[in-house]
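Chemist: Heads up: the sequence shown at position 14 corresponds to 371 in our numbering, and the numbers run straight through without jumps.
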Amino acid sequence: THLAEFHQVEGVVADRNLTLADLIGFMRVFFKKMGMSEVRFKPAYNPYTEPSLEIFAFHPMLQKWVEIGNSG
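Given below as structure tokens:
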């Protein structure tokens with residue numbers, strides 16, 4: 358919400374056998390399809406999801422990692 362444009366995507370997947378690795382794998386594929394092939398994940402605290410992650414992508418023009426999302 359810090360830029361002039363704001364995009365939000367939400368989804369729910371439920372299964373007893375899903376793990377955090379499944380979420381990370383999905384997010385890697387999602388952001389790769391959006392044109393962001395270099396992504397990193399960092400544990401985060403959100404009062405509404407457990408576990409939670411901050412997501413960063415490498416910006417080649419800026420030559421630095423920028424936060425692109427949050428999930429949990």
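We put the beta carbon where it would ideally sit given N, CA and C, even for glycine.
Are the CB atoms of residue 388 and residue 394 within a distance shorter than 9 Å?
Modeler: Cβ atoms of residue 394 and residue 388: closer than 9 Å.
Chemist: If we ignore side chains and look at the alpha-carbon of each, how far apart do residue 410 and residue 419 end up?
Modeler: One C-alpha to the other measures close to 23 Å.
Chemist: Excluding sequence positions up to five away, which residues of its chain have a Cβ less than 7 Å from the Cβ of residue 426?
Modeler: Excluding residues within five positions, the ones whose Cβ falls inside 7 Å are 412.
Chemist: Between which two residues does the alpha helix (DSSP H) holding residue 373 run?
Modeler: Element bounds for residue 373: n/a, residue is neither H nor E.
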